[in-house]
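Protein chains in written order, with my numbering: chain A, 7 to 314; chain B, 4 to 528.
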């Protein structure tokens, strides 16, 4: 393989992995607080369609991304109101949110299918982007990819050394104890869910405004679900999420490269590769039960009544 | 007599409660409670479960608010809004069920409770080290909670209170999870704290400990103060009577029995657990004879659950002959088959394993009583089931409106009487009971002890696993202890002492046959 191909594969790997990385980081924060929101797919689709329509109507990409984030947050608050406010089953509520988001996004986006739009352009950073092999991957991307690096660093720092991060972990592990020592359990959970929603909305917006600048029904094609699996197999560790997301991106690209090179393998099998490879690698690194247990939010998915 | 000692000038009181009243729906939890504690005083709050101790504590710690009455803190009436306000005033509380986070470090746990005062984590860690050394409670600030023993966890809870400027420390049943040696060292710490001027409110129902530690005591029963006393001057029997009322009999002593032939025989039982947080059983050997009670002491989490699961049949062992009922090897039989051979089992969790919380007592009778002719060809015999449930309720004096009441509506003691009654009325040849009187009031505990002794005298073999060492000495004929999945030697209760069993509970087994390497090393030091 020549250098150019490798450079381009790495560049595309990061681009493809970015939406997954953003959703998974959002879901990680949400799950660390003990809330399991299975509505990622629905929130992403809503972010994608809202962002697309806003940008198409106003011509502003920034406004489009902001509205995509907002759409994700609104959707997640719908979930939070039912699952946290009314203490409904989180799994059922999350599934309903995905179904609802898929349907609603298809409905409001029906008139926009196939309409072209000028998407977000990459910004090559002078000098740095000239570095062989990794220069293009790290420094010739679009703004949202750079933003995803920042979000990753922030979430990493958040759990490693911030007080709020400690609170989120405590609330997810044992909300009763957290309540007794005076931590704001419900407020923490609402905020964590909102962050998860915002990130899903942003990832959706990235799909429809940057990755493939158009709107198509169900265009997230299961990325929300993969992100959910990613969080589990990454055993709720931030550094493994970025690894899994880019691994998924790499496998997706290699699939295209392999098809392009004309290997005699069924394209259907190749299309399965990213999913299988991501899950396989993460299962392998998460096989240490003891270590996994250290990072698992113990109260995940279980309802909590502060005065019950 | 006690009044003179604790009433020099009212302003010297650290905390005074006057006429504290708290009404919950259907229950007057606290009825005009008066209580006063001086600086440096260790004050016991005695009472049974449901006497109103916890409600009172929650009001002092700001978790709930009184309906009436005054809380006077260092001479000034106050309204304590929430736990963080209580903390700022200098009130700290060590909960019975620890409020710690397993996956966080000691420092992180303490930082969370301190809020913004915690400051820099490194400095806090230094403070934790200094404070814990000062009070003889060695703690490593960077260890994760899940790697700590129960005793160490309690130290974290106490140190969490001590790193602040503490004036009143409340401890809720602090000794229920500790070995006798750990209790001693806790008392040393508490006495030193009191000497330094900190007031201590010690909630307990263990009279001997109160006598050993506390300067004064307030006794509650059914939400009312029934007496104040100086524990050192008043006998434990008198305090017990104040707790339960004069008309309730109290367990004092039962004749010991030596039993006949072994019924339960456990041979070379080893079990490796898949759960990294669970204990591994190491080469366990013991037998329980018909007509005797064998007690197994130990701090929770040392393999009791795993051993009980292997005996009940919830967890099958490697070879059938590792667990035998008389001549029958049962190690590979399921729970039903073992019950048919005469097993009765009282699990640790009453709600969820001993009984289905939302089902009625009648339905819960079927849970293990299905072998008593209550089911014909897959159909429930409603009449017989009702009769059986009624008999349990009558014979074991279960306080309930009837057999249609849901299991979860009963108090802990009543439900436990029901579960024990259900097992005993099936005439088991072997009864395995886990923590039979945990969280049960003295009246119900006495009834349960009597029922167990009566069953023993009928010739049943009984195994009792308990954390309550006093209870084991009271009812067991022979005793041993479990520590880290290993079983100590077994001795007749009359031939051993609390100190010896306490050593066993920490893994120090002085003699063969099962003296382990670990024990030998420890005793060699």
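Every residue, glycine too, gets a C-beta built ideally from N, C-alpha and C.
Remember, it's a predicted structure, so these values are computed and weren't measured experimentally.
*Can you tell me where the alpha helix (DSSP H) with residue 161 of chain B in it begins and where it stops?*
As a position in the second chain, residue 161 of chain B is number 158, starting the count at 1. Where residue 161 of chain B is concerned, the enclosing alpha helix (DSSP H) stretches over 153 to 165.
*Starting from residue 175 of chain A, find everything on chain B with Cβ-Cβ shorter than 8 Å and list it in chain order.*
Here residue 175 of chain A refers to the residue found at position 169 of the first chain. The answer, in chain order, is 104, 106, 107.
*Output yes or no for whether 8 Å exceeds the beta carbon distance between residue 184 of chain A and residue 27 of chain A.*
Locating residue 184 of chain A in the first chain gives position 178, where the first residue counts as 1. Locating residue 27 of chain A in the first chain gives position 21, where the first residue counts as 1. No, they are not a contact pair.
*asked:* From the DSSP secondary-structure annotation, give me the bridge partner or partners of residue 79 of chain B.
replied: On the second chain, residue 79 of chain B is found 76 positions in, with the first residue counted as 1. Bridge partners of residue 79 of chain B: B/76.
*Please go through the same chain and pick out, in chain order, the residues whose beta-carbon is closer than 7 Å to the beta-carbon of residue 226 of chain A, but skip the five residues on each side of it.*
For the purposes of this step, residue 226 of chain A is identified with residue 220 of the first chain, where counting begins at 1. Once the five neighbours on either side are set aside, the close Cβ partners of residue 226 of chain A are 47, 50, 51, 54, 210, 213.
*asked:* For residue 173 of chain B, would you say it is in contact with chain A, using Cβ-to-Cβ distances shorter than 8 Å as the test?
replied: By one-based count along the second chain, residue 173 of chain B stands at place 170. Answer no: the Cβ-Cβ gap between residue 173 of chain B and chain A never drops below 8 Å.
*Would you say residue 466 of chain B and residue 267 of chain B are within 8 Å of each other, going by their C-beta atoms?*
Locating residue 466 of chain B in the second chain gives position 463, counting from the first residue. Locating residue 267 of chain B in the second chain gives position 264, counting from the first residue. A contact, by the Cβ cut-off of 8 Å.
*In chain order, what residues of the same chain have a beta carbon less than 7 Å from the beta carbon of residue 76 of chain B, not counting five sequence neighbours either side?*
On the second chain, residue 76 of chain B is found 73 positions in, with the first residue counted as 1. Cβ contact annotation for residue 76 of chain B (same chain, cutoff 7 Å, sequence separation greater than five): 18, 92, in chain order.
_Residues sharing a beta bridge with residue 358 of chain B, DSSP_ = On the second chain, position 355 is the one that residue 358 of chain B refers to. Per DSSP, B/354.
*Kindly provide the ranges of any alpha helix (DSSP H) runs that are 4 or more residues long and lie completely inside the stretch 10 to 71 of chain A, ordered along the chain.*
Here the runs fully enclosed are 46 to 64.
*Is the Cβ-Cβ distance between residue 71 of chain A and residue 123 of chain A less than 8 Å?*
For this step, residue 71 of chain A is matched to residue 65 along the first chain. For this step, residue 123 of chain A is matched to residue 117 along the first chain. Going by C-beta atoms, residue 71 of chain A is not nearer than 8 Å to residue 123 of chain A.
*Should residue 431 of chain B be flagged as near chain A, meaning a C-beta pair shorter than 8 Å?*
To locate residue 431 of chain B, count along the second chain from 1; it is residue 428. Not an interface residue.
*Under the assumption that residue 360 of chain B contacts residue 410 of chain B (Cβ atoms under 8 Å), give the Cβ distance between them as a whole number of angstroms.*
Translated into positions along the second chain, residue 360 of chain B becomes position 357. Translated into positions along the second chain, residue 410 of chain B becomes position 407. About 5 Å separates the two Cβ atoms, so the contact holds.
*Would a check of beta-carbon distances place residue 86 of chain B closer than 8 Å to chain A?*
Walking along the second chain from the start, residue 86 of chain B turns up at place 83. Closer than 8 Å to some Cβ of chain A, the Cβ of residue 86 of chain B qualifies, so yes.
*When burial is assigned at 16 or more other CB atoms within 10 Å of the CB, is residue 267 of chain A buried or exposed?*
The residue given as residue 267 of chain A occupies position 261 in the first chain. Classification of residue 267 of chain A: exposed, given that the 10 Å Cβ count is below 16.
*In angstroms with no decimal places, state the Cα-to-Cα distance between residue 229 of chain A and residue 172 of chain A.*
Taking the first residue of the first chain as 1, we reach residue 229 of chain A at position 223. Taking the first residue of the first chain as 1, we reach residue 172 of chain A at position 166. Cα-Cα distance, rounded: 29 Å.
*Quick one: Cα of residue 370 of chain B to Cα of residue 450 of chain B, how far?*
Your numbering for residue 370 of chain B matches position 367 in the second chain. Your numbering for residue 450 of chain B matches position 447 in the second chain. Those two C-alpha atoms are separated by around 23 Å.
*Hey, quick one: how far does the beta strand (DSSP E) through residue 62 of chain B stretch, first residue to last?*
Here the question's residue 62 of chain B lines up with position 59 in the second chain. No beta strand (DSSP E) holds residue 62 of chain B; the alpha helix (DSSP H) holding it covers 56 to 63.
*Per-residue DSSP class, three states only, for residue 22 of chain B*: Locating residue 22 of chain B in the second chain gives position 19, where the first residue counts as 1. Of the three classes helix, strand and coil, the one that applies to residue 22 of chain B here is strand, per DSSP.
*Listed from N- to C-terminal order along the chain, which residues in the stretch 179 to 190 of chain A have their beta-carbon within a distance smaller than 7 Å of any beta-carbon of chain B?*
Per Cβ criterion, the list reads 179, 180, 183, 186, 187, 188, 189.
*Can you pull the chain B residues whose beta carbon is under 8 Å from the beta carbon of residue 172 of chain A, in chain order?*
Indexing the first chain from 1 puts residue 172 of chain A at position 166. Those are 107, 111, 114, 115, listed as they occur along chain B.
*In the DSSP assignment, find the unbroken beta strand (DSSP E) run with residue 484 of chain B in it and report its ends.*
As a first step, residue 484 of chain B is located in the second chain; it is residue number 481 there, counting from the start. Where residue 484 of chain B is concerned, the enclosing beta strand (DSSP E) starts and stops at 481 to 486.
*Indicate the three-state DSSP secondary structure (helix, strand or coil) for residue 300 of chain B in the structure shown.*
Looking up residue 300 of chain B in the second chain gives position 297. It is a strand residue.
*Reduced DSSP category for residue 146 of chain B - H, G, I as helix; E, B as strand; rest coil*: Sequence index remark: in the second chain, residue 146 of chain B carries index 143 (1-based). DSSP places residue 146 of chain B in coil when its eight states are reduced to three.
*Tell me whether residue 241 of chain A sits in a helix, a strand or coil according to DSSP, three-state version.*
Here residue 241 of chain A corresponds to residue number 235 of the first chain, with the count starting at 1. In the three-state reduction of the DSSP assignment, residue 241 of chain A falls in the coil class, being assigned neither a helical nor a strand state.
_Distance between beta carbons of residue 99 of chain A and residue 89 of chain A, contact taken as under 8 Å_ = Stepping through the first chain from its first residue, residue 89 of chain A is reached at position 83. Stepping through the first chain from its first residue, residue 99 of chain A is reached at position 93. Yes, residue 89 of chain A and residue 99 of chain A are in contact; Cβ-Cβ is about 4 Å, under 8 Å.
*Do the stretch 78 to 86 of chain A and the stretch 238 to 252 of chain A touch if we need at least three Cβ pairs shorter than 8 Å?*
By the criterion of at least three beta-carbon pairs nearer than 8 Å, the stretch 78 to 86 of chain A is not in contact with the stretch 238 to 252 of chain A.
*Does the Cβ-Cβ distance between residue 280 of chain A and residue 264 of chain A come in under 8 Å?*
One-based indexing of the first chain puts residue 280 of chain A at position 274. One-based indexing of the first chain puts residue 264 of chain A at position 258. Contact: no.
_Buried or exposed (CB count within 10 angstroms, at least 16 for buried), residue 218 of chain A_ = What you label residue 218 of chain A is simply residue 212 of the first chain in a count that begins at 1. By the beta-carbon neighbour count (other beta carbons within 10 angstroms, threshold 16), residue 218 of chain A is exposed.
*Looking at chain B, which residues of the stretch 31 to 52 of chain A have a Cβ within less than 9 Å of any of its Cβ atoms?*
Going along the stretch 31 to 52 of chain A in chain order, one finds no residue with a Cβ nearer than 9 Å to chain B.
*Could you check what DSSP says for residue 37 of chain B in three-state terms: helix, strand or coil?*
Along the second chain, read from residue 1 onward, the residue named residue 37 of chain B stands at position 34. In this structure, residue 37 of chain B counts as strand in the three-state DSSP scheme.
_Status (buried if at least 16 other CB within 10 Å, exposed otherwise) for residue 382 of chain B_ = Locating residue 382 of chain B in the second chain gives position 379, where the first residue counts as 1. It is exposed - the Cβ of residue 382 of chain B has fewer than 16 other Cβ atoms within 10 Å.
*Take residue 77 of chain A and list the residues in its own chain whose beta-carbon comes closer than 7 Å to its own, dropping the five residues that flank it on each side.*
Translated into the one-based positions of the first chain, residue 77 of chain A becomes position 71. Once the five neighbours on either side are set aside, the close Cβ partners of residue 77 of chain A are 52, 53, 56, 207.
*With a cut-off of 8 Å, does the C-beta of residue 300 of chain A fall near any C-beta of chain B?*
As a first step, residue 300 of chain A is located in the first chain; it is residue number 294 there, counting from the start. Put simply, the CB of residue 300 of chain A is near chain B, with a gap under 8 Å to one of its CB atoms.
*Close Cβ partners of residue 40 of chain B (< 6 Å) along its chain, the five nearest in sequence each way excluded*: Taking the second chain and counting its residues from 1, one reaches residue 40 of chain B at position 37. Excluding five sequence positions before and after residue 40 of chain B, the CB atoms of its chain that fall closer than 6 Å to its own CB belong to 17, 18, 46, 202, given in chain order.
*Using a Cβ-Cβ cut-off of 6 Å (strictly less than) and excluding sequence neighbours within five positions of residue 24 of chain A, which residues of its own chain qualify?*
Here residue 24 of chain A refers to the residue found at position 18 when the first chain is read from its first residue. Here the set comprises 151, 154.
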